[in-house]
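Q: Okay, here's the structure, questions in a sec.
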Amino acid sequence: MAERIGSLGDRITSLSGSLSAVLGRLDEKITRYERERTENGDVEQAPPPDNFRAHLFSGGGGR
């Protein structure tokens with residue numbers, strides 16, 4: 001039983017490492033894509049919704 005648990009732990013560790021690497025690459029690609037779209041002017045800035053409260057996102061300086 002202990003051997004099976006150890007084997008499962010090794011597989012989980014391996015899977016976790018692989019998943020972390022894949023998610024890192026995906027994040028880099030998304031970031032690059034968004035930057036390129038912004039630099040090329042392909043993105044239109046949408047106005048904030050009517051109920052948007054900017055002071056909540058100012059770092060807490062307006063409390």
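Each residue of the sequence shown is one higher than the one before, starting from 1 at the first, in the working numbering. Note that CB positions come from ideal geometry on N, CA and C, so glycine has one too. In this text the structure is predicted, and so the values were computed from the model without any measurement.
Any idea what DSSP makes of G6, helix, strand or coil?
A: In the sequence shown, residue 6 corresponds to position 6, counting from 1. It is helical.
Q: Counting only the same chain and skipping the five closest in sequence on each side, list residues whose C-beta sits under 8 Å from that of A54.
A: Along the sequence shown, one-based indexing puts residue 54 at 54. Correct list, in chain order: P48.
Q: Taking the Cβ atom as the reference point for each residue, do E34 and V43 lie within a distance shorter than 9 Å?
A: Here residue 34 refers to the residue found at position 34 of the sequence shown. Here residue 43 refers to the residue found at position 43 of the sequence shown. It is a contact, given that the beta carbons lie within the stated cut-off.
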